[in-house]
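One structure is given below, encoded as C-alpha cells.
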Amino acid sequence: MWMEKRSKMALCVICAIPALVFAEPGQERQQVILEAQQPVMTRLRDADSVRPPSPEGHPVAAMYNREAIIPPQCYTRTEGQNNPCYVCHQDSLPGRENVMNDRDLQEAYSFSDLGQTNHWVNLFRDRSKEVEAISDREILDWVDDDNYSDLAPRLKNAGFKGWIPDLADLQAGAAAFDEQGFARDGSQWVSFNYKPFPSTFWPTNGSTDDVMIRLPLDYRTDAAGKPSRAVYQANLAILEARIKGFDAIGTVPLDESEVGVDLDGDGRLGTIDEIARVDSYVGAAAGHFIDTHLYPRGTEFLHTVRYLGFDDSGKIGVSRRIKEVRYMKKWQAYNKGTLARYYEEEGFEKEAGFLPGYTRLGDWGLDNGSGWSIQGFIENRSGQLRVATLEENTFCMGCHSSIGSTIDKTFSFARKIDGAAGWGYIDLQGMADSPTLGESEGEYLTYFRRTGGGDEFRSNTEMLQRFFNDSGEVEPERLAGLDVYQIVVPSRERALQLNKAYRVIVDEQSYLLGRDATWHPPRNVYDEVSNTDSPTLEEGRVFDWDIRLDWRPEAARIVPGSKTVTSVSPNAH
Amino acid sequence: MTHRKTVMAAGLLAIASSAALAGTEPYFTPLTQSSAVATPNHVNELNTPWQAPAGISQENLTSMAEIESSIDQSVVRVEELGTNASMWDMVAFDPSGKFLFIPHETAMGAGLSRYSIEEDRTEVLFSGDATAVMGEEGNWEQDWGAFDPATFTPYGTVLLGEEWSGEGRVMEVLNPYADPQDIQVVEKESFANLSHEGIRFGTVQTNTVYFVDEDHSGSIYKFVASDDTFDAGDTYVLVVHDFGGDASQNWDADINLGESRTGSAYWKKIASNGVMEDGIEQDAFENAANFRAGRIAADQAGGTPFGRPEDVEVGVLGNRREVLYFAATSENTVYSVEMRGRDMAVVRVFASEDHTPKNVGFLPTTGKINSPDNLAQDALGNIYIIEDAPNGGDVGGDIWFVRDADNDGEAESVDHFLSIQVDGAEATGMIFNPAVPTQFVVSVQHPDSTDISAVDGGQGDALWLFDVSDVAPPSCEKGGNYNRHSFGRGGRYIRTCSNDDPNFAGELRKAAR
Chain X
1 MWMEKRSKMA LCVICAIPAL VFAEPGQERQ QVILEAQQPV MTRLRDADSV RPPSPEGHPV
61 AAMYNREAII PPQCYTRTEG QNNPCYVCHQ DSLPGRENVM NDRDLQEAYS FSDLGQTNHW
121 VNLFRDRSKE VEAISDREIL DWVDDDNYSD LAPRLKNAGF KGWIPDLADL QAGAAAFDEQ
181 GFARDGSQWV SFNYKPFPST FWPTNGSTDD VMIRLPLDYR TDAAGKPSRA VYQANLAILE
241 ARIKGFDAIG TVPLDESEVG VDLDGDGRLG TIDEIARVDS YVGAAAGHFI DTHLYPRGTE
301 FLHTVRYLGF DDSGKIGVSR RIKEVRYMKK WQAYNKGTLA RYYEEEGFEK EAGFLPGYTR
361 LGDWGLDNGS GWSIQGFIEN RSGQLRVATL EENTFCMGCH SSIGSTIDKT FSFARKIDGA
421 AGWGYIDLQG MADSPTLGES EGEYLTYFRR TGGGDEFRSN TEMLQRFFND SGEVEPERLA
481 GLDVYQIVVP SRERALQLNK AYRVIVDEQS YLLGRDATWH PPRNVYDEVS NTDSPTLEEG
541 RVFDWDIRLD WRPEAARIVP GSKTVTSVSP NAH
Chain Z
1 MTHRKTVMAA GLLAIASSAA LAGTEPYFTP LTQSSAVATP NHVNELNTPW QAPAGISQEN
61 LTSMAEIESS IDQSVVRVEE LGTNASMWDM VAFDPSGKFL FIPHETAMGA GLSRYSIEED
121 RTEVLFSGDA TAVMGEEGNW EQDWGAFDPA TFTPYGTVLL GEEWSGEGRV MEVLNPYADP
181 QDIQVVEKES FANLSHEGIR FGTVQTNTVY FVDEDHSGSI YKFVASDDTF DAGDTYVLVV
241 HDFGGDASQN WDADINLGES RTGSAYWKKI ASNGVMEDGI EQDAFENAAN FRAGRIAADQ
301 AGGTPFGRPE DVEVGVLGNR REVLYFAATS ENTVYSVEMR GRDMAVVRVF ASEDHTPKNV
361 GFLPTTGKIN SPDNLAQDAL GNIYIIEDAP NGGDVGGDIW FVRDADNDGE AESVDHFLSI
421 QVDGAEATGM IFNPAVPTQF VVSVQHPDST DISAVDGGQG DALWLFDVSD VAPPSCEKGG
481 NYNRHSFGRG GRYIRTCSND DPNFAGELRK AAR
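Keeping their order, the protein sequence lines are chains X and Z.
Residues 1 to 573 (the numbering used here) are what the first sequence spells out, left to right.
Residues 1 to 513 (the numbering used here) are what the second sequence spells out, left to right.
Here it is in C-alpha cells:
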C-alpha cells in the first residue's frame, strides 16, 4: 500500500529541490555548494533501486565533504561558556581501550583546514515553507508506514553480499521482542533498554531509536554445542559487566545447572539473579578471549533511527517507519595494545594533514580501523530504505572511531540499565535521570547546566521554555520528578514539525548536507570555525565525564505523579 | 636497449664497490603530481602499484597472495590483525643480491621472512608466538613486536629492531642463510632499547652504527664498537649545542619551540660497555614493554629531541666526511649530520617541505613532502625519501629523489620520483640491490587487500623490483632549463641528461670507473 502513499506524498511535498533559501547573510558559499551538489542529489532522487547510483569517478574523490566524520554539533557556537562537547571528547579512563585522549578538544578547536568550514549547509536553510506544505495527516501517515519489511527481499534480489536484515517485524518495535528482549522470530537479536545519549538522540531533537545486540554462535550454545538461552543470557550479562568494567552484574533469573557454572560463587548450582564470576564466558565460548571494555569478535549491533511515532493514545514513541537502519559487526578482535597503536597512528595521520579515510568493505560498509564494520541503510526519496552511499556512511565513522568517550567505539550498551531491568525493548517511561558515574546530579540536568540548552545549538525553544528561566539558566526544580520520557520527548506539535522537517530532507535526498530536522536555522552554529581565532571554552567550563551511568536507585529517584507535555490530538490517526 | 642497460649496471656496480658518494643530478624526468589511490586489489595494485618516470620498470617479486597459495612457502600472518597482519617493513638485501630479508612489523608475533630471488620463494625464519600484548609486560620472552628495521651487518648477520611494540630490543640473526629450524636469534644487548626505526653502519667510521628513536622527543644515537661484532663499545646521543630547551619534552613542546636543533653538535657518551655514565640514572638497556629505557637515558643526557626520527642512511659528503641522514617524520624534514672527527658533528636540514624547492629545472609538481619515513640510497650516493602515506588517504604517498649534486648536505631540490596508488598502504623498505645497482626493491605495506576477510583474494603486502636501466633521461637543453652534470669521486664527470641514449650510458660508465 505504500506505493499509493508515495504518490500522495509526491504531490504534497516539493517536487524539486526548492529555490534555496538561506536565512543568514554570507549564504553565497552555501548557495554555491547546494547548486554544485544538485547533480548528486538529483541522481539519488531519481533512483529507486536498493543500491544508490554509483558516483562519477572514484567514490572517495567524489565526496563533497571529506570531513563528513565531523558532525554538525562540532560547529556549536559555545560563546566560551556552553559546553556540549564533553560528552564526546574525554581522556582515557583506567583500563579503557579507548585512548583517543581528546579532552583537549573541549578546550581548543583542532580541525583540518577542510574541517574548519561547516559543510552541513542544510543547517542554514530556512525550510519552513516546505514544512508548512505538509499536513499533519500526511506526516502521520508517512511515519506510520512500514518501510523495513521489504528491505531484505530487495537486497537479496539485488545480490547484496553484506548483512541483510534478519530480524522479523522490527518495524513493530517492542512487539518484535519478548519481555526479556529476545526477538520473537528466533533470530537471537536481543534488545536492551538504555538511556539516550545527550542530546542528538533525544526525541525532542528529532529522532527516536532502538538498539539490539547479537553475540556469535559460541556465546549462544552450551559446551556440547547445543543452543541454550541460559548460556546466551549469562554471556550477555558477563559481557555487560566487562564493558562497564564491573566485577559483578545482575541478570535475569538463571538456572546455573543449565549453564554448568557456579556463576554467583555460592558453591552450588541454583537459580541466580547476580553473576559474580565475570572473568570468563561460559558454554561453548568458555576460554574465548575476554577483557574489560571489549566486545568479542563477531558481536553485532543493530540500530534503527526513527521518526517520532504516535500510538493510538497519542503517546510518542518509535515510529513504524525507519529513517535509518545501522548495522555494525566486529570483524576483528584487537587487543588494547593494538588499539592503542591505532589511536597513535590516527594521530600521526591527522598531524600529517591527511583527511580521514576508511577501508571500504564492499557491501559490508566501512571498516572503522579498530575492528568494526559499519553499514547504513537510509530512505530514498519515496521512503524505501536503500544502501547508504560512501559519504552517508562516512558520516557515521567519526562517532564510531575517533572520539574519546566511547567504549569499544560504541555508545548504547554501556548506557544500558544495569542487570535484568535493562533487558527488553527501549522504554523511556519510568527511566530515571540517573547520574553518570562520578556525578551526583542527574545526567540530563547536568547536561542542561553545562550546555545552556536542550540541544547542542541551544535552539530547541521548547526545551528552553520548559527547563530554563528567562536568563537562560536551568531551573532544576522543573525536572523534579520527571522521568527520561518526560524530559526528552517533545510535545505533539514539535514532534510533527520534526517529522516534517526530516521528510523534506528525504525528499531532497540532501543527507550529505545534513540530516538535522530543522526548519529554521539554529542560532548558535558556526559556518566557519577558526582553530586559532574562534572563542574557546573558558577555564572551569571543561568537564570530565564517564559514559556509564549510576543506576543505583539511591542515585536518582522518580517522584510519582510526574507531569508531561505530550498530549493526545484528536487529529492523530 | 640492452646495451645501455648493461653499461649502466656495470657503472653503478663499480661505484657501489667504493664508499657511496653524495649525489648527482636527477637521471629521470620527475613526476608532476601524486597518484590517485584505487580500490583494493585494483589492477594498478596488481600490476603497477607506483606511478614512475618513463623507462623505469617494476615487477612483482612476491606477495601475501602468492606465498599463501603455495604449500612450499610461508610468511608471517598474525590472526585478527586485519590489514596489519603481516606488515612488511624495511627489508634487507644480502651482499650477494640474491636474498631479501623481510621484517614483520606486527603488534605481536613479529618475525623475519627470507625471500630468495632465484627461487622465488619465501619462508619464515622465525616469529613470535603472538601471545604478548603490546604495551604490557608479560610474555615477551617468546614473542616480539613490530620489527621495523632490518639490516645486514658487515660481518654477515641480520639485525632487527622492535619499534612501537615489544620491548624496544634489537635482535640478531646469527645465521641468516640457515634452514628455519636451525636459525639462531639472540638479543643484541649492546643496543639501547628504543622504538627502533632505522639502523645503518658507518662507511667511513666503520666501527660505528647509527640508530634513532621514533618518538616525538626522539634522539639520534650511535654505537662505537670496540670489537668486530659490535657487542662491546660505547653508546652516544647527539646533542645540538644551541638547543636550550627541555630534552625530555616533545620536539614541538612549547618550551622547545624556537630552540635551534641545527648547527654545531656533539656526541655525548651515555654508556660504555653497558655501564651508564655518571649522571644518567636510567639503564638504557632495560627491557620493558611500557617504556623505552634508552629514550629516558637520552633525555637525562640532554639528547636533542626531533619529531619522530625514522629511517637513517649513511653516506659521504663531498668533503669526504661521513654523513648521517635521518628523516624526522613529524617535521616533514630530513636532516643531515656531518661527522667531524669522532665526537663533533654539524646538523643541517637536508631536505624539507618548507625549505627545499621541488623539480627545479623541470615542470613543477603538486606533490608535497608529507611524513617522510624511510630513506634509501643508490650506488651513486643519492638519497631517496619514502613517505608514510597514503594509508587511509586517497592521494598516493610519494618517493622523492633528493638532489644534492654539490654534495654539501643541503639539497638543491627534491624531485618527484614515484607515487604509490595502493589503497590503505604505504611504501616501505626501499633498498638498492648491492650486486645489481640499477635495481631496487620496495614493499607495499598493510594494503587493504591484506585483510582477506574484507577483500576476497587480496594481494596483500607485496615486494616489488624496480630497474632504472632503461630510464628515459631528461634531455639536455642548450641554454635551457636542464643541462646539468655532476662531479663524482675524484672529479669524474657524471652527466645525467642526454640527447641520445648511448651518450648518457657512456657518461655513467665513465663515472663508474
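Built from N, CA and C at the ideal position, the CB exists for glycine as well.
Every value quoted in this text rests on a predicted model; they were computed, and no experiment measured them.
CA-CA distance, P25 (chain X) and A411 (chain Z)? Any reading at P25 (chain X) needs caution, since the residue's pLDDT is 48, under 50, leaving its predicted position unreliable; the model's value is listed next. When rounded, the distance between both Cα atoms is 49 Å.
Q377 (chain Z), DSSP secondary structure in three states: strand
What three-state label does DSSP hand I199 (chain Z) in the structure shown? strand
DSSP has G233 (chain Z) in a bridge; who is on the other side? Z:A225
Beta-carbon proximity of W372 (chain X) to K409 (chain X), cut-off 9 Å: yes
Status (buried if at least 16 other CB within 10 Å, exposed otherwise) for E346 (chain X): buried
Helix, strand or coil for Y177 (chain Z), going by three-state DSSP, please let me know. coil
Three-state class that DSSP yields for S34 (chain Z) in the structure shown: coil
Does DSSP put L236 (chain X) in a helix, a strand or coil? helix
Please list, in chain order, the chain X residues whose beta carbon lies closer than 7 Å to that of I107 (chain Z). Note that residue 107 (chain Z) corresponds to Ala in the displayed sequence, not to Ile. Simply G337, T338, R341.
Can you give me the start and stop residues for the beta strand (DSSP E) that P103 (chain Z) sits inside? 99 to 103
Give a yes or no on whether the minimum CB-CB distance between E45 (chain Z) and chain X is below 9 Å. No, its Cβ sits nowhere closer than 9 Å to a Cβ of chain X.
Pick from X:T208, X:Q188, X:D527: whose alpha carbon is nearest that of K195 (chain X)? Of the listed residues, the one whose Cα sits closest to K195 (chain X) is X:T208.
Length of the line joining the Cα atoms of D516 (chain X) and D166 (chain X): 28 Å
Assuming V204 (chain Z) and E322 (chain Z) make a contact with CB atoms under 8 Å, what is their CB distance in whole Å? 4 Å
Listed by chain order, chain Z residues near E391 (chain X) by CB distance under 7 Å: For E391 (chain X), no chain Z residue has a C-beta closer than 7 Å to its own C-beta; the minimum C-beta separation is roughly 13 Å.
Here's a check: name, in chain order, each residue in its chain whose Cβ is nearer than 6 Å to the Cβ of A555 (chain X), leaving out the five neighbours to either side. S434, P435
I'd like to know if W164 (chain Z) contacts chain X, where contact means its C-beta is closer than 9 Å to some C-beta of that chain. yes
Would you kindly check if the distance between the Cβ of A110 (chain Z) and the Cβ of D127 (chain Z) is under 9 Å? Correcting the residue identity first, residue 127 (chain Z) is Ser in this sequence and not Asp. Yes.
In the structure shown, what three-state DSSP assignment does D213 (chain Z) receive? In the three-state reduction of the DSSP assignment, D213 (chain Z) falls in the strand class, which pools E and B.
Thinking C-alpha only, which one of X:G309, X:D367, X:G454 is nearest N469 (chain X)? X:G454
Residues in the same chain with beta-carbon distance under 6 Å from D398 (chain Z), minus the five sequence neighbours each way, listed in chain order, please. S34, G367, E387, S419
If you measure from the beta carbon of S330 (chain Z) to each beta carbon in chain X, is any gap under 9 Å? It does; some Cβ of chain X falls within 9 Å.
Looking at A284 (chain X) and L217 (chain X), is the spacing between their C-beta atoms short of 9 Å? Against a cut-off of 9 Å, the Cβ pair of A284 (chain X) and L217 (chain X) comes out as a contact.
Listed by chain order, chain X residues near S453 (chain Z) by CB distance under 7 Å: Within 7 Å Cβ-Cβ: W331.
Excluding the five sequence neighbours on either side, which residues of its own chain have a C-beta within less than 6 Å of the C-beta of Y511 (chain X), listed in chain order? E392
Determine the direct distance from the alpha carbon of V422 (chain Z) to that of A333 (chain X), and round the result to whole angstroms. 25 Å
Residues of chain X with CB under 9 Å from N531 (chain Z), in chain order? No answer is possible for residue 531 (chain Z): the residues shown for chain Z start at 1 and end at 513.
Answer yes or no: do R548 (chain X) and R415 (chain X) have a C-beta to C-beta separation smaller than 9 Å? yes
Backbone secondary structure at W400 (chain Z) - three-state DSSP: Correct three-state label for W400 (chain Z): strand.
CA-CA distance, L496 (chain X) and V305 (chain X)? 16 Å
Beta-carbon neighbours of A61 (chain X), restricted to chain Z and to distances below 8 Å: A36, D394
Please tell me whether D527 (chain X) has its Cβ less than 9 Å away from any Cβ of chain Z. The C-beta of D527 (chain X) comes no closer than 9 Å to any C-beta of chain Z.
What separation, rounded to the nearest whole angstrom, lies between the Cα atoms of G317 (chain X) and F192 (chain X)? 16 Å
Going by C-alpha distance, which of X:F448, X:A388, X:W331, X:E67 is nearest V325 (chain X)? Comparing alpha carbon positions, the residue from X:F448, X:A388, X:W331, X:E67 closest to V325 (chain X) is X:A388.
Helix or strand or just coil, what does DSSP make of L302 (chain X)? strand
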